[in-house]
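Chains as they are written, first to last, in my numbering: chain V, 2 to 289; chain G, 2 to 257.
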C-alpha cells in the first residue's frame, strides 16, 4: 500500500443501550476513516453524532455497549485495550473538547493546576516543566495574560475564555486526534472565529486529525474538509465540505432548505418531511 | 396593535462599586405591527431590554411606551394582557408537572376569560398542535412542540406585542424552520408586534424589517433588512457579524 495509514479506521460501529422496551441503537453500524484532516459530522439532536465521538474514546458507560468490526487507532485495536491502557490514549493521543466549558472544568481547582495535572499525568514531567508548558499552551490559544489565567478559578472565566482553556488543556499533550463536540455552539461569533482558527492551525501545523461534531451546516461547510451527515444512527451521505450545498440526499437537502439565509429572502422556510425509509437504508461508508 | 418606543433607556444592576450598566441610552422605536430585531453577543444587554419592558429589571431610567401608555415602575394586569414573552429554553420555561391543558387554562383564568375550554382548543389549533396534545405533560413533548406550547401560552391573553427571547436557539434547524414559519403566520393573523432577540443574523433577517445591533450595553448600529442583505454596515462589529453569518472565514480570523 502506498497510501498513508489513516489515524482512525472504523468499520461497522454500533452503540446500543438496553431499555425496558428492548435494545436501543444510538449508532447503527457506521464506517469511516479519519486522516490528517478536518472531518465534520453533522446531524440533528438524537442522530448519534455525539455518541460516535464518545464511542471512539470508549466513554460509553455500561449498560451501554460499543461493538465494531474494526475500531483502530494508528493500527491499535481500541476495543482490545484494557481500561488502564485506554487511559493512556485518552487525553494523550486522542482528546475531546465538549460543548460547554462550564461543565468540563473542575470548579474547585485553579486553571493552571488542571492543565499541569494532565501534562504531568501523561508525561511524568516535573512541576516547573509543566508550568512552562501550560503557559506556552495558553499563549498558543491567544490568551493574553497567561500567568493570571493560570492562577484563576474557572468561574472567573467567560465562556470564550473557558473554551480556549479547554482547548489548551486538550492540546498540551499534543494528541494525534481531537474530537470537538459542538465546541463553539455556546460562544459568541467573534470568539467562535478565534477558536476555529486555533483548531485550524493545529491541523495544519501539527498534522492533527480533527473530528468536528456540529449541527451548524454553514459552519461545517466552510470549516471542514469532508462531512458525514448522520440520521437516526446511520451515515446517510458523505461529501466534500465545500460541496455540501450540492448534497443529494433528501435529508441533507431538507436541512439545507430549512436554514434561513441572509442573502436569499424567502416567505416561508422549507419544512423537513421525514421519510421512514431513511431510517432503513444502509449506512453510507465514510472510508477513504 | 401597539407600537413600542424606547427613549434613552438605561438599565443597571447593583449599586455603588458593584453597579453594572447593562443597557446604556438605548433609543429605538418599533412601529405597530412591525417586527424588530435585537442582535449582539451574550452580555450585550439585548435580553435586558426585554426584561426591563416586562418589569423584570427594576432599576431603569428613560422612557418606555407601549401603544400610548408610558410605563411606570409597576406593571398591571392590563399590561400583561397586552405584552407577552416567549423564553429561550422550552425545557425550562414549562412547569414539568403541569399538563398543556393546565398551563393554558391557568393563564386564561388569570386574565378573566370564561369560555376556557373552547379557548384552549383554539390556542392549540393556532400553534398547530392537535387536540391530542392537550393532556400531555412537557416530558411527552419534543423541543419544538414545547416551544409551540410556550407560544400558545403567550398568545392566550390575546396580546398585541410578543417579546421573543431567542425563541429557536435551543431547537434543531428543521424544527426552527417550523417555529419561525409559525411565528410569521401568527404575526399576520393576529396583527402582532414582535421584538425579537437573537444572536443569529440569518434568523433576524428572515423575521424582522429592522434591527438594532448591540455591544456592551449600547446600540452601535441600526440596520434595515435591506442593509443587512447588501452587507451595508459601518460599525466594525456589525461587519464582523455579517461576515460570520455565512460561516468560517479564515481571512476574518487573521484580522482578529
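Where is the CB? At the ideal position from N, CA and C, for every residue including glycine.
Three-state secondary structure (DSSP) of residue i
{"i": "residue 19/V", "result": "strand"}
{"i": "residue 29/V", "result": "strand"}
{"i": "residue 137/G", "result": "coil"}
{"i": "residue 88/G", "result": "coil"}
{"i": "residue 108/G", "result": "helix"}
{"i": "residue 97/V", "result": "strand"}
{"i": "residue 146/V", "result": "coil"}
{"i": "residue 13/V", "result": "strand"}
{"i": "residue 273/V", "result": "coil"}
{"i": "residue 166/G", "result": "strand"}
{"i": "residue 249/V", "result": "coil"}
{"i": "residue 131/G", "result": "coil"}
{"i": "residue 174/V", "result": "coil"}
{"i": "residue 26/G", "result": "strand"}
{"i": "residue 209/G", "result": "coil"}
{"i": "residue 70/G", "result": "strand"}
{"i": "residue 196/G", "result": "strand"}
Below-9 Å beta-carbon distance, residue i vs any chain G residue
{"i": "residue 238/V", "result": "no"}
{"i": "residue 264/V", "result": "yes"}
{"i": "residue 142/V", "result": "no"}
{"i": "residue 27/V", "result": "no"}
{"i": "residue 261/V", "result": "yes"}
{"i": "residue 222/V", "result": "yes"}
{"i": "residue 267/V", "result": "yes"}
{"i": "residue 273/V", "result": "yes"}
{"i": "residue 98/V", "result": "no"}
{"i": "residue 190/V", "result": "yes"}
{"i": "residue 2/V", "result": "Low per-residue confidence applies at residue 2/V: pLDDT is 41, beneath 50, and the placement is therefore not dependable, though the value from the model is reported in the following sentence. No, no contact with chain G."}
{"i": "residue 203/V", "result": "no"}
CB contact below 9 Å: residue i versus chain V
{"i": "residue 15/G", "result": "no"}
{"i": "residue 262/G", "result": "Absent from the model: residue 262/G. The displayed extent of chain G is 2 to 257, so no value can be given."}
{"i": "residue 138/G", "result": "no"}
{"i": "residue 230/G", "result": "yes"}
{"i": "residue 226/G", "result": "yes"}
{"i": "residue 42/G", "result": "yes"}
{"i": "residue 249/G", "result": "yes"}
{"i": "residue 245/G", "result": "yes"}
{"i": "residue 214/G", "result": "no"}
{"i": "residue 217/G", "result": "no"}
{"i": "residue 191/G", "result": "no"}
{"i": "residue 208/G", "result": "yes"}
{"i": "residue 195/G", "result": "no"}
Same chain, Cβ closer than 6 Å to residue i, five either side skipped, listed in chain order
{"i": "residue 152/G", "result": "87 and 128"}
{"i": "residue 3/V", "result": "Low per-residue confidence applies at residue 3/V: pLDDT is 41, beneath 50, and the placement is therefore not dependable, though the value from the model is reported in the following sentence. So no residue of the chain qualifies."}
{"i": "residue 17/V", "result": "24, 26 and 66"}
{"i": "residue 223/G", "result": "213"}
{"i": "residue 286/V", "result": "32"}
Per-residue burial, residue i [other beta carbons within 10 Å of its own, 16 or more giving buried]
{"i": "residue 172/V", "result": "buried"}
{"i": "residue 33/V", "result": "buried"}
{"i": "residue 102/V", "result": "buried"}
{"i": "residue 104/V", "result": "exposed"}
{"i": "residue 1/V", "result": "There is simply no residue 1/V to check, as chain V begins at 2 and stops at 289 in what is shown."}
{"i": "residue 205/V", "result": "exposed"}
{"i": "residue 176/V", "result": "buried"}
{"i": "residue 23/G", "result": "buried"}
{"i": "residue 111/G", "result": "exposed"}
{"i": "residue 91/G", "result": "buried"}
{"i": "residue 193/V", "result": "buried"}
{"i": "residue 75/G", "result": "exposed"}
{"i": "residue 136/G", "result": "exposed"}
{"i": "residue 78/V", "result": "exposed"}
{"i": "residue 100/V", "result": "buried"}
{"i": "residue 210/V", "result": "buried"}
{"i": "residue 123/G", "result": "exposed"}
Own chain, CB closer than 7 Å to residue i, minus 5 neighbours either side, in chain order
{"i": "residue 33/G", "result": "2, 3, 4 and 194"}
{"i": "residue 94/G", "result": "88 and 151"}
{"i": "residue 62/G", "result": "11"}
Own chain partners of residue i with C-beta closer than 8 Å, once the 5 adjacent residues on each side are dropped
{"i": "residue 241/V", "result": "226, 227 and 228"}
{"i": "residue 14/G", "result": "20, 21, 23, 58 and 60"}
{"i": "residue 261/G", "result": "Nothing about residue 261/G can be reported from this structure: the residues present for chain G run from 2 to 257 only."}
Note to self: Does the structure place the region 88-108 of chain V close enough to the region 138-146 of chain V that three or more beta carbon pairs sit under 8 Å?
What the structure shows: Flag = no, the region 138-146 of chain V and the region 88-108 of chain V do not touch.
Notebook entry, point to check: Are the region 245-253 of chain V and the region 227-237 of chain V touching, with three or more C-beta to C-beta distances below 8 Å?
Noted result: Touching, per the Cβ criterion.
Item checked: the region 32-50 of chain G contacting the region 36-52 of chain V, beta-carbon criterion three pairs below 8 Å -> Remark: fewer than three beta-carbon pairs, one from each stretch, lie closer than 8 Å, so the region 32-50 of chain G and the region 36-52 of chain V are not flagged as touching.
Next item on the list: Decide yes or no for the touch test of the region 261-275 of chain V against the region 195-210 of chain G: beta carbon pairs closer than 8 Å, at least 3 of them.
Entry: Yes: at least three Cβ pairs fall under 8 Å.
Next item on the list: Examine the Cβ distances between the region 182-191 of chain V and the region 152-170 of chain V and report whether three or more of them are shorter than 8 Å.
Entry: Short answer: they touch.
Note to self: For the pair the region 40-52 of chain G and the region 214-223 of chain G, tell me if three or more CB-CB distances fall below 8 Å.
What the structure shows: With a cut-off of 8 Å, the region 214-223 of chain G and the region 40-52 of chain G count as touching, because enough Cβ pairs lie within range.
Note to self: Would you call the region 214-228 of chain V in contact with the region 241-254 of chain G, where contact means no fewer than 3 C-beta pairs closer than 8 Å?
What the structure shows: With a cut-off of 8 Å on Cβ pairs, the region 214-228 of chain V is in contact with the region 241-254 of chain G, counting three or more such pairs.
Next item on the list: Would you be able to state if there are at least three C-beta pairs under 8 Å between the region 106-118 of chain V and the region 130-137 of chain V?
Entry: By the Cβ rule, the region 130-137 of chain V counts as touching the region 106-118 of chain V, because three or more pairs are nearer than 8 Å.
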